[in-house]
Amino acid sequence: MTGIATSASEAKLRSKRVMAGLLAGTVLGALPVTAMAQETGADATAEGQGTAQAEQPSSLQQQDVVRTIAVAGAQRLEPQTILSYIRLRPGDPYTQAAGDQVLKDLYATELFSNVSVVNEGGNVVISVVENPVINRILLEGNERIKADKILPEIRLAPRQIYTRSKVRADVSRIIELYKRQGRFAATVEPQLVQLSQNRVDIVFEINEGPKSKVRQINIIGNEQFSDGDLKGEMVTKEARLLTFLSSNTSYDPDRLAFDQQQLRTFYLTQGYADFRVVSAVAELTPDKEDFIITYVVEEGERYKFGEVKVESELRDFDSDSMTQRLPMQTGDWYDAQRVEDTVEQLTDLAGTFGYAFADVRPDFRRNPDDLTMDVTFALREAPRVYVERIDVNGNTLTQDKVVRREFRVAEGDAFNSLAIKRSEARIKSLGFFQENFEISQVEGSAPDRIVLEANIEEQPTGELQLSAGFSSIEQFILAGSIRQRNFRGRGQTIGLSLNYSRYSKSANVSFSEPYVFDRNISMGADIYHREFDNERFTFASNRYKQATTGFQTRAGVPLTEYMALIGSYTFNYEDITVGSNFFSDTDGDGIEECVGSRFVCEAVGQRTSSIVGLTLNYDSLDSRLRPTRGERISVTTEFAGLGGDVKYARMRAQMGKWFPLGSGFIFSLNAEGGWIHALKDNPNPGFDDVRLTDRFFLGESQFRGFDIRGLGPRVVRLRYQDLDSDPTTPRTLQTIEEFREIDSNQFDDALGGRAYYLGRAELEIPLGSGAREMGLRPSIWADVGSLFAIDRPILADFPNSFQQTQFGRAIFFGPLYDADGNPVIDDNGTPDDPSDDFPTTGNTFDAVDADGNPNDIVLDPNGFYKEVLLGDSPSPRITVGIGVNWNSPFGPFRIDLSHAIKTQPGDDTKTLSFNVGTQF
Numbered sequence: 000m001t002g003i004a005t006s007a008s009e010a011k012l013r014s015k016r017v018m019a020g021l022l023a024g025t026v027l028g029a030l031p032v033t034a035m036a037q038e039t040g041a042d043a044t045a046e047g048q049g050t051a052q053a054e055q056p057s058s059l060q061q062q063d064v065v066r067t068i069a070v071a072g073a074q075r076l077e078p079q080t081i082l083s084y085i086r087l088r089p090g091d092p093y094t095q096a097a098g099d100q101v102l103k104d105l106y107a108t109e110l111f112s113n114v115s116v117v118n119e120g121g122n123v124v125i126s127v128v129e130n131p132v133i134n135r136i137l138l139e140g141n142e143r144i145k146a147d148k149i150l151p152e153i154r155l156a157p158r159q160i161y162t163r164s165k166v167r168a169d170v171s172r173i174i175e176l177y178k179r180q181g182r183f184a185a186t187v188e189p190q191l192v193q194l195s196q197n198r199v200d201i202v203f204e205i206n207e208g209p210k211s212k213v214r215q216i217n218i219i220g221n222e223q224f225s226d227g228d229l230k231g232e233m234v235t236k237e238a239r240l241l242t243f244l245s246s247n248t249s250y251d252p253d254r255l256a257f258d259q260q261q262l263r264t265f266y267l268t269q270g271y272a273d274f275r276v277v278s279a280v281a282e283l284t285p286d287k288e289d290f291i292i293t294y295v296v297e298e299g300e301r302y303k304f305g306e307v308k309v310e311s312e313l314r315d316f317d318s319d320s321m322t323q324r325l326p327m328q329t330g331d332w333y334d335a336q337r338v339e340d341t342v343e344q345l346t347d348l349a350g351t352f353g354y355a356f357a358d359v360r361p362d363f364r365r366n367p368d369d370l371t372m373d374v375t376f377a378l379r380e381a382p383r384v385y386v387e388r389i390d391v392n393g394n395t396l397t398q399d400k401v402v403r404r405e406f407r408v409a410e411g412d413a414f415n416s417l418a419i420k421r422s423e424a425r426i427k428s429l430g431f432f433q434e435n436f437e438i439s440q441v442e443g444s445a446p447d448r449i450v451l452e453a454n455i456e457e458q459p460t461g462e463l464q465l466s467a468g469f470s471s472i473e474q475f476i477l478a479g480s481i482r483q484r485n486f487r488g489r490g491q492t493i494g495l496s497l498n499y500s501r502y503s504k505s506a507n508v509s510f511s512e513p514y515v516f517d518r519n520i521s522m523g524a525d526i527y528h529r530e531f532d533n534e535r536f537t538f539a540s541n542r543y544k545q546a547t548t549g550f551q552t553r554a555g556v557p558l559t560e561y562m563a564l565i566g567s568y569t570f571n572y573e574d575i576t577v578g579s580n581f582f583s584d585t586d587g588d589g590i591e592e593c594v595g596s597r598f599v600c601e602a603v604g605q606r607t608s609s610i611v612g613l614t615l616n617y618d619s620l621d622s623r624l625r626p627t628r629g630e631r632i633s634v635t636t637e638f639a640g641l642g643g644d645v646k647y648a649r650m651r652a653q654m655g656k657w658f659p660l661g662s663g664f665i666f667s668l669n670a671e672g673g674w675i676h677a678l679k680d681n682p683n684p685g686f687d688d689v690r691l692t693d694r695f696f697l698g699e700s701q702f703r704g705f706d707i708r709g710l711g712p713r714v715v716r717l718r719y720q721d722l723d724s725d726p727t728t729p730r731t732l733q734t735i736e737e738f739r740e741i742d743s744n745q746f747d748d749a750l751g752g753r754a755y756y757l758g759r760a761e762l763e764i765p766l767g768s769g770a771r772e773m774g775l776r777p778s779i780w781a782d783v784g785s786l787f788a789i790d791r792p793i794l795a796d797f798p799n800s801f802q803q804t805q806f807g808r809a810i811f812f813g814p815l816y817d818a819d820g821n822p823v824i825d826d827n828g829t830p831d832d833p834s835d836d837f838p839t840t841g842n843t844f845d846a847v848d849a850d851g852n853p854n855d856i857v858l859d860p861n862g863f864y865k866e867v868l869l870g871d872s873p874s875p876r877i878t879v880g881i882g883v884n885w886n887s888p889f890g891p892f893r894i895d896l897s898h899a900i901k902t903q904p905g906d907d908t909k910t911l912s913f914n915v916g917t918q919f
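0 is the number of the first residue of the sequence shown in numbering that gives the first Met the number 0; add one for each residue after it.
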């Protein structure tokens, strides 16, 4: 009964729906019949009766309805994953547009290389061919740019799905990399190597091509300045023979834009306020090897300064007074750079009075009628600012106090821009942090408060150096050192160094504390041992070895911001020796005496030196390593005699000044001088009161253009030469030139001097960025100086030689006698014939023969010489030359090519010198 009732009620409901459908068809009239048929079909389905339907759709309509969707050809991807990429679903009508959308959806994933769609009576089959997986990415032909520079720039990577769009994008990226290096002719061809399991290797075949240079720069429209003047202002240079080291000869779009700004700046500094660059076009030549750049400029009229004044709203600045101090005056040619410099100077001046946020604005009024430019420098009102807080950020090893004690302002002080700049310079000079360190200024809790932030990035301060090199002075060099410049984060320096070469050896242990007990007092100590063998630097008669062991302590206090006073105490134990071949028993008493150079023999022995020193330093350099501006002055006085065997007073002074000339040129002037005075007389006549090893010496490498100890007082031994082999004619004294060229300097004693002066002028020449990256820094230089002041020694002159001696006894030529006093007979080779026997003659110590007749004296064959003192003159020596510093992979390298313009007789010049592997 229940089932019958349910069927009856369903029949009534169905009849109501049919009646409602007929009524709706009568009212609307335009609805298709298929709508009612589908409704009827739906009712039939809901009814669960499959035996009869009101209407059935046609066969074409059945094909347009998607019944199933299948995927064929999938390998790595699941079919359900592929179906999730498309919009088509079962039950949707299938049309050509729907099929096209399936293709679009799947191709958009970039996972397939081929896709097709087939509809068979509502059963849709999607056939796919998956893109291969990348196995490897290979580069061929890349020599100028290595793979480790290219691969990070491209999107493709192993185990990714290969897509054509990514390959095209990566080709463009690679070509762009080469364009950045100026290689606009570079081409890239991608190649696919098919592998098993649907994998591929991608090979980018690169043809780098030549580097595209700037062949020519054309400038159109310039009338007041030549092309050469304007090209000189540009960074981009034309490729020429002399510019082969410069990287600025390659084309760079960014550099092209910068050069336009350079031209604009140049004209504005010359008064052309209306100047503009109309166009700048870079054309690649047909062979894609070079560029031709053409600038079209419009110079305009030249302006002069009109009314120039200062309008100040700050109470500490008087407008009229500041106007009078402006660097430009009415009637001067307009110069935009001078305006910018004036704005900077006024801002700094306001900062020194505590106005950290002073607003200085130049207001311009152009007067085209009389071609003048009125400039008003407006100083806007701003509150005086005080330092609220100083924050030190980023230090993990360095203690806060190491940074804070270098600040020239303290919390609560009035803001001072000059003190801030000085603080930046002092912190950078520590060498613990990044080179571009700057103190940031942040607004404080009130308008008149400012917070200073030292955001530092610590750099490694430990140094371990092991190096080998070759020097024209010391030949092969080995050096090793270990140093910590920020020991325990306290700013202390501790180090150990060892150096070995053929002619010198040294070991040194050092420690320094810049702030003792957190007070502005520095202390340091060194313990050292040095050995010096001058065998290479001098010649047979004056070779010696000097060994020095000692220590030095020092303490310094600042007098001003830039000036400090340093006291020191040094104790040395010196042992000066010569080789055993320089000792001989000349008088037969069994005691060997020094027979080398009498000047060296006078210095042989062991001595102690106790030296007290005082140094006054002034240093305003912007960098102690590579200064570009500032001054450095040092005056040192030393007194030896507070105990020890040596007594003297010595003074030295040094001064240097660096000037930035713009465009990377740096000019420097350096001067130094010294004087020493003995406080103890030398009892030996003909010898200076100052010991040989305490005197000053000049030459390589202090004075470029001279050999080691190549100038200053020296005694040379000129020979009397027998040019005609006739003993009856006087011998000829050789010249100093012949002595240098022929005699190999066998008797040349460099004596040093008690006074010297030396001056250097040097201009460092900038190179392109490529040369700078290599560490090349060429320069031209000139040196002038002299070494002089020595007590005149007793000089020997033997035009006829002198009698030869042996064991302190004179040698004669005469008859020889045996131990019994009988003449030694020479039988002339015939023992049986006494008629040809005769007494033997030769060298003897007997002044007379047996009959009392005097024997002839024997002359020393090396005794025909004359000693001459040369070089003891304050007259300047002058040399000029060119040099190059290079931070090579083997260590710092310095080479100098020198030419001596003015010398004194006896000076020993040197044209080429170089040094590798040691500091210079």
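Glycine is no exception: its CB is placed at the ideal position from the N, C-alpha and C atoms.
Does DSSP put residue i in a helix, a strand or coil?
i: residue 901; result: strand
i: residue 233; result: coil
i: residue 138; result: strand
i: residue 910; result: coil
i: residue 401; result: helix
i: residue 502; result: coil
i: residue 686; result: coil
i: residue 331; result: coil
i: residue 101; result: helix
i: residue 163; result: helix
i: residue 177; result: helix
i: residue 939; result: Limits of the chain in this structure are 0 at one end and 919 at the other, which puts residue 939 out of reach.
i: residue 152; result: helix
Excluding sequence positions up to five away, which residues of its chain have a Cβ less than 6 Å from the Cβ of residue i?
i: residue 508; result: 495, 526
i: residue 380; result: 312
i: residue 123; result: 65, 68
i: residue 649; result: 637, 675
i: residue 460; result: 431, 484, 485
How about residue i and residue j: do their beta carbons lie closer than 8 Å?
i: residue 389; j: residue 410; result: yes
i: residue 359; j: residue 351; result: no
i: residue 136; j: residue 110; result: no
i: residue 776; j: residue 763; result: yes
i: residue 895; j: residue 872; result: no
i: residue 205; j: residue 247; result: no
i: residue 788; j: residue 752; result: yes
Tell me which same chain residues have a C-beta within less than 7 Å of the C-beta of residue i, skipping the five on either side of it?
i: residue 619; result: 561, 629, 630
i: residue 853; result: 846, 847
What are the boundary residues of the alpha helix (DSSP H) that residue i is part of?
i: residue 346; result: 335-351
i: residue 321; result: 318-323
i: residue 723; result: First-last for residue 723: undefined, no H or E at that position.
i: residue 145; result: Note, residue 145: premise wrong, no alpha helix (DSSP H); not H, not E.
i: residue 78; result: 78-82
Starting from residue i, trace the beta strand (DSSP E) both ways and give me its first and last residue.
i: residue 308; result: 303-311
i: residue 605; result: 604-618
i: residue 630; result: 629-643
i: residue 260; result: Careful: residue 260 lies outside any beta strand (DSSP E), inside the alpha helix (DSSP H) at 252-268.
i: residue 223; result: Looking at the DSSP string, residue 223 is not in any beta strand (DSSP E), and its letter there is neither H nor E.
i: residue 545; result: 544-557
By Cβ distance, which residues of its chain are closer than 8 Å to residue i, with the 5 residues on each side in sequence left out?
i: residue 193; result: 131, 199
So that I know if they touch, is there some Cβ in chain D lying closer than 8 Å to that of residue i?
i: residue 264; result: The structure shown contains no chain D, having only a single protein chain.
(Q) Threshold first: 3 residues or longer. Then list the beta strand (DSSP E) segments lying entirely within the stretch 735-803, N to C. (A) Within the stretch 735-803, the complete beta strand (DSSP E) runs of at least 3 residues are 747-749, 754-763, 775-787.
Q. Which residue spans inside the stretch 412-463 form an unbroken beta strand (DSSP E) run of at least 3?
A. With a minimum length of 3 residues, the unbroken runs of beta strand (DSSP E) contained wholly in the stretch 412-463 fall at 438-442, 448-454.
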